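In our numbering, the protein residues as written are 635 to 752. Virtual Cβ for every residue (Gly too), placed ideally from N, Cα, C. If you're wondering where the values come from, they're calculated on a predicted model, not measured in any experiment. One structure is given here, and the rest of the page talks about it.
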Amino acid sequence: MINLNHKDLITSEKSLELVKEIYLFCDKLPEKEKYIIIPQLKRAAISVTSNIAEGYARKSKIETKRFLDIARSSLVEIDTQITICIKLGYIKESDILDLSDLLNHTFALISKLIRSIK
Numbered sequence: 635m636i637n638l639n640h641k642d643l644i645t646s647e648k649s650l651e652l653v654k655e656i657y658l659f660c661d662k663l664p665e666k667e668k669y670i671i672i673p674q675l676k677r678a679a680i681s682v683t684s685n686i687a688e689g690y691a692r693k694s695k696i697e698t699k700r701f702l703d704i705a706r707s708s709l710v711e712i713d714t715q716i717t718i719c720i721k722l723g724y725i726k727e728s729d730i731l732d733l734s735d736l737l738n739h740t741f742a743l744i745s746k747l748i749r750s751i752k
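And the structure:
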């Protein structure tokens with residue numbers, strides 16, 4: 635594996651943890667969602683960590699910020715899809731408190747990174 639500085643970021647670690655948790659979450663969803671919500675959730679989770687990595691591989695600060703913003707937008711997409719799962723009765727909000735905390739924490743970390751790039 636390539637030794638790059640984005641791997642040292644707590645934001646990167648949290649985004650990888652999020653991928654794992656989203657995959658575990660998807661295992662709890664009904665079979666009928668295997669072609670709709672499940673792949674969308676997985677793609678969005680992978681997008682978060684991939685865009686953090688790609689942003690840190692860019693040469694300009696503007697590009698880095700752009701990729702971090704895309705990562706943050708993917709978190710909002712995940713949140714929306716989880717809300718849909720709650721509304722459809724697939725899960726209870728009380729069952730995903732840890733996942734919700736991880737989403738909020740990762741969103742805050744990415745926002746802080748964006749603000750720190752000048």
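Minimum C-alpha distance to I716 - residue among R706, L733, K693, K752 | Residue 716 sits at position 82 when you count from the first residue of the sequence shown. Of the candidates R706, L733, K693, K752, the one whose C-alpha sits nearest the C-alpha of I716 is L733.
Measuring CB to CB, does I656 end up less than 7 angstroms from L675?
-> Taking the sequence shown and counting its residues from 1, the one referred to as residue 656 is at position 22. Taking the sequence shown and counting its residues from 1, the one referred to as residue 675 is at position 41. Yes, the Cβ-Cβ distance between I656 and L675 is below 7 angstroms.
Contact belief for C660 with I670 at Cβ below 8 angstroms, rounded distance in angstroms | Here residue 660 corresponds to residue number 26 of the sequence shown, with the count starting at 1. Here residue 670 corresponds to residue number 36 of the sequence shown, with the count starting at 1. Not confirmed; about 11 angstroms, so no contact.
Ordered along the chain, which non-local residues of its own chain (more than five positions away) have a Cβ less than 8 angstroms from that of K662?
-> As a position in the sequence shown, residue 662 is number 28, starting the count at 1. Hits under 8 angstroms: Y724, I725.
Spatial distance of L737 from K752 (CA atoms) | Counted from its first residue, the sequence shown places residue 737 at position 103. Counted from its first residue, the sequence shown places residue 752 at position 118. One C-alpha to the other measures close to 25 angstroms.
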